[in-house]
Amino acid sequence: MKANHLTADERHVRNCEFRETNAFDSVREMFQGADPPTALFSFNSLMTIGAIKGINSLGLKIPKDVSLVGYDEIPGNDIFKPGITHILQPTEELGKNATGILIERIENPMNKKRRGVFLKPELVERESCRTL
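The sequence shown runs 38 to 169 under our numbering.
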């Protein structure tokens, strides 16, 4: 958004506590209010499912009425029509790094040095977004 000189409308920023039901309720509230969003970004697969259910319950269509991007792939994403665009985490690499750090700490408990590991996510473009 920053690269395109856009700002988030704070009315549309919701803490759904990573829960499907909270995302469902939030989507319904946002779209029944004034000036609904044109796109949604969800922070995990459960919230993405809740958002899809909320959108469908209102009779709205993805991406015709609202674009949707999720963080993390939805299990069985290949059965959704349209396919949901998502950001894919390198979970195998994440697990390997976490395990390595844990083993290192167990073997060297006196070493309190922290280190950060940054992994590059991948944007998987499907059909859930439209150009405005």
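Think of the CB as a built atom: it goes at the ideal place given N, C-alpha and C, for glycine as much as any other residue. Source: prediction; values computed, not measured.
When rounded, the separation of the alpha-carbon atoms in S94 and K133 is 40 Å. The C-alpha of R151 lies about 20 Å from the C-alpha of K157. No residue range can be given for F55, since it is assigned to no beta strand (DSSP E) and is classified by DSSP as neither H nor E. Remark: fewer than three beta-carbon pairs, one from each stretch, lie closer than 8 Å, so the stretch 134 to 148 and the stretch 110 to 125 are not flagged as touching. Taking C-beta atoms as the reference points, I86 and E57 count as a pair closer than 8 Å. Residue state for L43 is assigned as coil, using DSSP reduced to three classes.
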